[in-house]
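>
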Amino acid sequence: MKEPVPCDVVEQAARDALKKRGVKIEDIADIVYEMQAKYSDNLTMEDCVESADAVLCKREIQHAVLVGVELDVLAEKNMLSEPLQSLIDTDEGLFGVDETVALGSVFGFGSIAVTTFGYLDKEKIGKIRELDTNKEQVHTFLDDLICSIAANASARLAHRMRDREENRGSQDIKKREDEELIG
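Each residue of the sequence shown is one higher than the one before, counting from 1 in full-length UniProt numbering.
1) Can you give the Cα-Cα distance for L43 and A52, rounded to whole angstroms?
2) Alpha carbon to alpha carbon, what distance is there between S170 and Q36?
3) Quick one: grab the DSSP three-state call for F95.
4) Just the Cα atoms here: how many angstroms apart are N152 and V106?
5) Does L56 come out as helix, strand or coil in the three-state DSSP assignment?
6) How long is the line joining the alpha carbons of L71 and F117, rounded to whole angstroms?
7) Since I believe Q62 is in contact with A14 (beta carbons under 8 Å), could you give me their beta-carbon distance rounded to a whole number of angstroms?
8) On the DSSP letters alone, give me the boundaries of the alpha helix (DSSP H) that residue 220 sits inside.
Following this line, the structure appears as structure tokens:
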């Protein structure tokens, strides 16, 4: 029987995949800041980086990143069979598998994440737009995955800000954060 891949190996592979495709945590944090700044006068970029980083600790996100980036890279190398090759290479408008993979990793952070994902997928702000309009590389999955990570980080941050407003204790907040990391 094959051994399962250790969690830290999967997480590092997902982070490396993003980096190789030109995506930094700070790029995602910029989107999170834009989504959440109007709701908090005390929001810092450090908060946004921390939230984006925490989202990348979730296995479902890591798995989605690994699958999506791999398919984008294989399409760039013309290594997929037709018609899948053309569907991914051209980011076919009716090919919704890219959104489906990304959306599947949004549900863990609730309705704020779901609605934010839809907004980001439609508006394509920041790094999402850059990836979507890049004609040198295939980013059919990656742009939607960044929507997902940013939406999750935004929702996570919205809940943290509410916890702070309600003066929840640090142990209570830590417990909530630990529970979020399951999955």
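C-beta: ideal position from N, C-alpha, C; glycine also. Note that the structure is a prediction, hence the values are computed from the model and not measured.
On the basis of the supplied data:
1) By 1-based counting over the sequence shown, the position of residue 43 is 43. By 1-based counting over the sequence shown, the position of residue 52 is 52. If I take the Cα positions, the gap works out to 14 Å.
2) Taking the first residue of the sequence shown as position 1, residue 36 is located at position 36. Taking the first residue of the sequence shown as position 1, residue 170 is located at position 170. Going by the C-alpha atoms only, they are around 22 Å apart.
3) Within the sequence shown, numbered from 1, the residue matching residue 95 stands at position 95. If DSSP states are grouped into helix, strand and coil, F95 belongs with coil.
4) Residue numbering aside, residue 152 sits at position 152 when the sequence shown is read from its first letter. Residue numbering aside, residue 106 sits at position 106 when the sequence shown is read from its first letter. If I take the Cα positions, the gap works out to 6 Å.
5) The count along the sequence shown starts at 1 and reaches residue 56 at position 56. It is coil, neither helix nor strand.
6) If you number the sequence shown from 1, residue 71 lands on position 71. If you number the sequence shown from 1, residue 117 lands on position 117. Roughly 21 Å between the two C-alpha positions.
7) For the purposes of this step, residue 14 is identified with residue 14 of the sequence shown, where counting begins at 1. For the purposes of this step, residue 62 is identified with residue 62 of the sequence shown, where counting begins at 1. That pair is a contact at about 4 Å.
8) In the structure as shown, the chain begins at 1 and stops at 183. Residue 220 is therefore absent and cannot be evaluated.
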